[in-house]
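**Student:** One point on numbering: in our numbering, the residue at position 359 of the sequence shown is 461, and numbering is uninterrupted. All C-beta atoms in this analysis are idealised placements derived from N, C-alpha and C, irrespective of residue type, glycine included. Let me begin by handing over the structure; questions about it come next.
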Amino acid sequence: MTNKIGIPISPALSNVENPAGNSSNNSGFLKKRLVFISCLSVTVAMAISVIAKILIYLINLVTNISFYGSFEFGFHSPANNHLGIWVAVIPAIGGVLVGIMAFYGSKAIRGHGIPEAMEQILVNDSNIKPSITFLKPISSAIAIGTGGPFGAEGPIIATGGALGSTLGQLFKITANERKIILASGATAGMSAIFGTPIAAVFLAIELLLFEFSPKSILPVALACITGAAGHHLLFESGPVFPMPDLVTPSNLALGIYSFMGIIIGFLSLGITKIVYIIEDYFEELPIHWMWWPAIGGLAVGIIGIFAPHTLGVGYDNITGLLSGKWPLTLICSLLFLKFLSWAIALGSGTSGGTLAPLLTMGGAAGALTGTLVLILFPNSGVNIPMSALIGMSAMFAGASRAYLTSITFALEATMQSHALLPLLGACTAAYMVSFFLMENTIMTEKIARRGIFTPDSFEPDLLQKMHVSQVISDEGTIINVNSTIADVRSWVNTNNIHDNYFIMVNNDGEFSGTLKLTDIYSNELDPESALVGMLKKEVNASVNNTDTLRYAMETMSKTEVEVLPVLSATDHKVIGILSYRDIISAFKIDADKTQSPYVKISLKRQRMKMLVRGRKTVTVDHDTK
Numbered sequence: 103m104t105n106k107i108g109i110p111i112s113p114a115l116s117n118v119e120n121p122a123g124n125s126s127n128n129s130g131f132l133k134k135r136l137v138f139i140s141c142l143s144v145t146v147a148m149a150i151s152v153i154a155k156i157l158i159y160l161i162n163l164v165t166n167i168s169f170y171g172s173f174e175f176g177f178h179s180p181a182n183n184h185l186g187i188w189v190a191v192i193p194a195i196g197g198v199l200v201g202i203m204a205f206y207g208s209k210a211i212r213g214h215g216i217p218e219a220m221e222q223i224l225v226n227d228s229n230i231k232p233s234i235t236f237l238k239p240i241s242s243a244i245a246i247g248t249g250g251p252f253g254a255e256g257p258i259i260a261t262g263g264a265l266g267s268t269l270g271q272l273f274k275i276t277a278n279e280r281k282i283i284l285a286s287g288a289t290a291g292m293s294a295i296f297g298t299p300i301a302a303v304f305l306a307i308e309l310l311l312f313e314f315s316p317k318s319i320l321p322v323a324l325a326c327i328t329g330a331a332g333h334h335l336l337f338e339s340g341p342v343f344p345m346p347d348l349v350t351p352s353n354l355a356l357g358i359y360s361f362m363g364i365i366i367g368f369l370s371l372g373i374t375k376i377v378y379i380i381e382d383y384f385e386e387l388p389i390h391w392m393w394w395p396a397i398g399g400l401a402v403g404i405i406g407i408f409a410p411h412t413l414g415v416g417y418d419n420i421t422g423l424l425s426g427k428w429p430l431t432l433i434c435s436l437l438f439l440k441f442l443s444w445a446i447a448l449g450s451g452t453s454g455g456t457l458a459p460l461l462t463m464g465g466a467a468g469a470l471t472g473t474l475v476l477i478l479f480p481n482s483g484v485n486i487p488m489s490a491l492i493g494m495s496a497m498f499a500g501a502s503r504a505y506l507t508s509i510t511f512a513l514e515a516t517m518q519s520h521a522l523l524p525l526l527g528a529c530t531a532a533y534m535v536s537f538f539l540m541e542n543t544i545m546t547e548k549i550a551r552r553g554i555f556t557p558d559s560f561e562p563d564l565l566q567k568m569h570v571s572q573v574i575s576d577e578g579t580i581i582n583v584n585s586t587i588a589d590v591r592s593w594v595n596t597n598n599i600h601d602n603y604f605i606m607v608n609n610d611g612e613f614s615g616t617l618k619l620t621d622i623y624s625n626e627l628d629p630e631s632a633l634v635g636m637l638k639k640e641v642n643a644s645v646n647n648t649d650t651l652r653y654a655m656e657t658m659s660k661t662e663v664e665v666l667p668v669l670s671a672t673d674h675k676v677i678g679i680l681s682y683r684d685i686i687s688a689f690k691i692d693a694d695k696t697q698s699p700y701v702k703i704s705l706k707r708q709r710m711k712m713l714v715r716g717r718k719t720v721t722v723d724h725d726t727k
């Protein structure tokens, strides 16, 4: 455009005011915001670490009161109770209390935490009621403490997310920044419970953030590190699930472990389907949903009579499975009866988590499969602890499709580096089965039924990686502000101009604003004497050809304009005009690249027409007609 027009642009044009600042200044502003959001995230992480410890104390207290009649905060497994058949009543009482809290407090306390957090991120600008911050841990402590077959991780994730959202609502921040703080609080809670900061970061990426960028990862990572520090300070410093040291498996054993992942993958599909089938049956009950947790609790209690190890959090069950020394009868009860108890309770809408039950069932399935392999192939090199470990990880990978989270969690929670290859093979197999055969996961099925789409891929921001110069045309229309309206009308009609917007310049070639094509025809001025400069729209913003499309779009949004003049980054001359249509064309370019590597990408460009004073091309002068 510059070589066709050759209009010198005054230095004043290079200093056009822009509320968003230029690219470099905007970058500095974003970095300051990143520091601020990181500080808020760390603050939430410190608070949620303390809340995690309080939640564990509350669960232990309710458990000890319910099953042993003692006011203690130490851990005692409900499996060792001596209540006999009366144990069936306790989870039902817990269900009644949770139902009352949900009805009179907030219905949002129902469920297992992560889907609810995902829903608020996707449809509610990450706004969660502040009351969830204390209602969720209390209701979960009651549900789990009275025998509910859940883990503490789901409630603490929901609580951390609510705390982060609440803090975000107190400050003047964007919805995206609030999402980051929500994810930071949620994953910091997981890190505080298990001491697995890397897995928590991956959980944020795969299930909460749906993006990977410095502005989101850095606050979340700092929060997860803070949560891990809280775990070591308030809980213990060793692996949360200790197990015998593992050795590097042979190629044969590695292949068998990978095949186990396929089996666990199919099992995760069945588990997910049955959970939501049970939930559908509860939806058809002719009684109010407030009483559903009580019904689910009664089923949990009845199962607990015959299989007491199915009651409560069950982290000790996971450790027992990983030891490789538990009898087959106990392993089978954890696989089938734990699943039945958990599926009914979760389907009833009570408050609890999914991670610990999935790990328990997966560990049991892996241990059982490993036992069968050893019976059939004694020299295969397979061992029970490794089988249990890959079983629990593959179950979570298949049910949630949190692929990287599943692998890193197993490694961090056990500190067994030799399990990396078997975990990679098994989780990949389970993930493939889930991806090809299941439309939604145990985390997304509930919100998908409400018509909420959950992203399943994480790609670079297209507008961030493309520059203005890649989409603007080097041809356009420039009008001199001293041309009359009648002359411009005649010139537009004669030259068959279809541009919707024109760049306005004065006699010195200085940028003066923009003009809409419709304004030339829809005005009350005398077209023979009035100048088009009287119709111009002032634009106090511009972009350089080297700026990203993301920056250009944000500038358009903040200044509420539909077009922007594009300046050369070297000499600050006008070289084009950028519109929303040009930005949209970026997606066409990307689509063409994605569809086929043989598609030749070309943008349809309109020929530059120049309507300025004193040029050799077609010019309309105010002084002569």
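Across which residues does DSSP place residue 668 in a beta bridge pair?
**Tutor:** For residue 668, which the question treats as bridged, DSSP gives the partners 645, 678.
**Student:** How many Å lie between residue 598 and residue 303 at the Cα?
**Tutor:** Residue 598 and residue 303: Cα-Cα distance of roughly 57 Å.
**Student:** Hey, could you find the ends of the beta strand (DSSP E) residue 579 is sitting in?
**Tutor:** Unbroken beta strand (DSSP E) run through residue 579: 579-582.
**Student:** What separation, rounded to the nearest whole angstrom, lies between the Cα atoms of residue 139 and residue 457?
**Tutor:** Roughly 28 Å separates the two Cα atoms.
**Student:** Using only the alpha-carbon positions, how far apart do residue 524 and residue 360 sit?
**Tutor:** C-alpha separation (whole angstroms): 7 Å.
**Student:** By the three-class DSSP mapping on this structure, what secondary structure does residue 702 have?
**Tutor:** Residue placement at residue 702 cannot be trusted, given a pLDDT of 42 that sits under 50; what the coordinates show is reported in the next sentence. Three-state DSSP puts residue 702 in coil, outside helix and strand.
**Student:** Starting from residue 554, trace the alpha helix (DSSP H) both ways and give me its first and last residue.
**Tutor:** Looking at the DSSP string, residue 554 is not in any alpha helix (DSSP H), and its letter there is neither H nor E.
**Student:** Please state whether the Cβ-Cβ distance between residue 160 and residue 260 is less than 8 Å.
**Tutor:** Against a cut-off of 8 Å, the Cβ pair of residue 260 and residue 160 comes out as no contact.
**Student:** Could you please give the first and the last residue of the uninterrupted alpha helix (DSSP H) stretch that includes residue 566?
**Tutor:** Residues 564-567.
**Student:** For the segment 465-529, list the beta strand (DSSP E) runs that are entirely contained and at least 3 residues long, ordered along the chain.
**Tutor:** Counting only runs of 3 or more, we get nothing.
**Student:** Taking residue 506 as the reference, which of 528, 488, 487 has the closest Cα?
**Tutor:** Considering only alpha carbons, the answer is 528.
**Student:** Please state whether DSSP places residue 318 in a helix, a strand or coil.
**Tutor:** Note: residue 318 maps to helix in three-state DSSP.
**Student:** Evaluate residue 700 with the Cβ neighbour count: other Cβ atoms within 10 Å of its Cβ, from every protein chain shown; 16 or more gives buried, anything less gives exposed.
**Tutor:** Low confidence applies here, because residue 700 scores a pLDDT of 42, under 50, leaving its location unreliable and the question unanswered by this model.
**Student:** Entirely within the segment 219-298 and at least 4 residues each: give me those alpha helix (DSSP H) ranges in chain order.
**Tutor:** Runs found: 234-247, 255-272, 277-296.
**Student:** Out of curiosity, what's the CA-to-CA distance linking residue 627 and residue 585?
**Tutor:** Taking the straight line joining both Cα atoms gives about 14 Å.
**Student:** Ignoring anything shorter than 4 residues, give me the alpha helix (DSSP H) runs that lie fully in the segment 176-222, in order along the chain.
**Tutor:** Runs found: 191-206.
**Student:** Beta-carbon separation of residue 256 and residue 454 under 8 Å?
**Tutor:** Yes, the Cβ-Cβ distance between residue 256 and residue 454 is below 8 Å.
**Student:** Between the beta-carbon of residue 444 and the beta-carbon of residue 251, is there less than 8 Å?
**Tutor:** Yes. Within cutoff.
**Student:** Can you name the residues that DSSP bridges to residue 369?
**Tutor:** DSSP lists no partner for residue 369.
**Student:** Is the beta carbon of residue 155 within less than 7 Å of some heavy atom of the ligand NAP?
**Tutor:** Of ligands this structure carries none, so the ligand NAP is not represented either.
**Student:** Does DSSP put residue 125 in a helix, in a strand, or in coil?
**Tutor:** For residue 125, the predicted model reports a pLDDT of 49, less than 50, meaning its position is unreliable and no value from the coordinates is stated.
**Student:** State the start and end residues of the unbroken alpha helix (DSSP H) segment that holds residue 100.
**Tutor:** Because the chain in this structure spans residues 103 to 727, residue 100 falls outside the shown range and cannot be described.
**Student:** Just to confirm my understanding: we take residue 263, look at its own chain, exclude 5 residues before and 5 after, and list those with CB closer than 7 Å. What are they?
**Tutor:** These residues qualify, in order along the chain: 219, 230, 284, 287, 288.
**Student:** What residue does the alpha helix (DSSP H) around residue 438 start on, and which one ends it?
**Tutor:** Where residue 438 is concerned, the enclosing alpha helix (DSSP H) stretches over 430-449.
**Student:** Report all residues from its chain with a CB closer than 8 Å to the CB of residue 434; omit the five preceding and five following residues, and keep chain order.
**Tutor:** For residue 434, where only same-chain residues beyond five positions count, the Cβ hits under 8 Å are 466, 470.
**Student:** Give every residue of the same chain whose Cβ lies closer than 6 Å to the Cβ of residue 720, excluding the five residues on either side of it in the sequence, and list them in chain order.
**Tutor:** For residue 720, the pLDDT reaches just 35, beneath the cut-off of 50, and the residue's location in the model is therefore unreliable, although a value from the coordinates is still provided. Counting only Cβ-Cβ distances below 6 Å, and skipping sequence neighbours, we find nothing.
**Student:** Roughly how far, in whole angstroms, is the beta-carbon of residue 538 from the beta-carbon of residue 298, given that I think they are within contact range, below 8 Å?
**Tutor:** So it is not a contact: roughly 28 Å between Cβ atoms.
**Student:** Pull up the distance between the alpha-carbon of residue 404 and that of residue 410, whole angstroms please.
**Tutor:** Their Cα atoms are separated by approximately 10 Å.
**Student:** Using DSSP with H/G/I as helix, E/B as strand and the rest coil, what is residue 586?
**Tutor:** Reduced to three states, the DSSP call for residue 586 is strand.
**Student:** Measuring CA to CA, which of 276, 306, 526 is closest to residue 322?
**Tutor:** If we check each option's Cα against that of residue 322, 306 comes out closest.
**Student:** Among 648, 497, 617, which has the Cα closest to the Cα of residue 634?
**Tutor:** Of 648, 497, 617, the residue nearest in Cα terms is 617.
**Student:** Grab me the residues of residue 279's own chain with a C-beta within less than 8 Å of its C-beta, minus the 5 sequence neighbours each way, in chain order.
**Tutor:** 135, 139, 270, listed in sequence order.
**Student:** Sorted by chain position, which residues of the same chain lie with C-beta nearer than 6 Å to residue 281's C-beta, five sequence neighbours on each side aside?
**Tutor:** Cβ within range, chain order: 223, 228.
**Student:** Excluding the five sequence neighbours on either side, which residues of its own chain have a C-beta within less than 7 Å of the C-beta of residue 486, listed in chain order?
**Tutor:** 426, 469, 472, 473, listed in sequence order.
**Student:** Taking Cβ positions, are residue 680 and residue 535 nearer each other than 8 Å?
**Tutor:** No, Cβ-Cβ distance for residue 680 and residue 535 is not below 8 Å.
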